[in-house]
Amino acid sequence: QSRDNAVKEVKSLQSQFNAELGKADQAVQAKSDELKKMEALASNLQKQLEKEMQMREQLAKEKSSLEQGMEAQVVKMKNDVVATREGANSVVTMKDNELKKMDELAAKLRDELTKQTEKVSQMEAKQA
């Protein structure tokens, strides 16, 4: 009978061991599944971070390109303004010279008219 009790006890212990082993296997499997999920999340986060870094690099390049383009436009506009001013100054100088010449011509014509008027007046005085 003690042998039967010992066998029963061994079977009971084996059953408890198997139950505990099953629980441990389930816990290990649950942890394994959880680790796989965490690895997948970490992988997704890594991919998202890489994408974001690539987007930031692309945006930085585009920003730099836009800034260079805008800088070139500003320089061109400044050059256009300078050229327009120089052109305008040149036209103003040319027109100013033309006006001076016209003033000189008008003064000569006044002098000539005055002389002619004096001659006419002298001729009329002689005839009178």
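Under this note's numbering, the sequence shown has 198 at position 71, and the numbering climbs by one with no breaks. Think of the CB as a built atom: it goes at the ideal place given N, C-alpha and C, for glycine as much as any other residue.
So is the beta-carbon of residue i under 8 Å away from any non-hydrogen atom of the ligand FMN?
i: glutamate 147; result: By its list of ligands, the structure shown contains no ligand whatsoever, and the ligand FMN lies outside what it can speak to.
My output table needs one value for residue i: the three-state DSSP class, helix, strand or coil.
i: glutamine 254; result: helix
i: glutamine 128; result: coil
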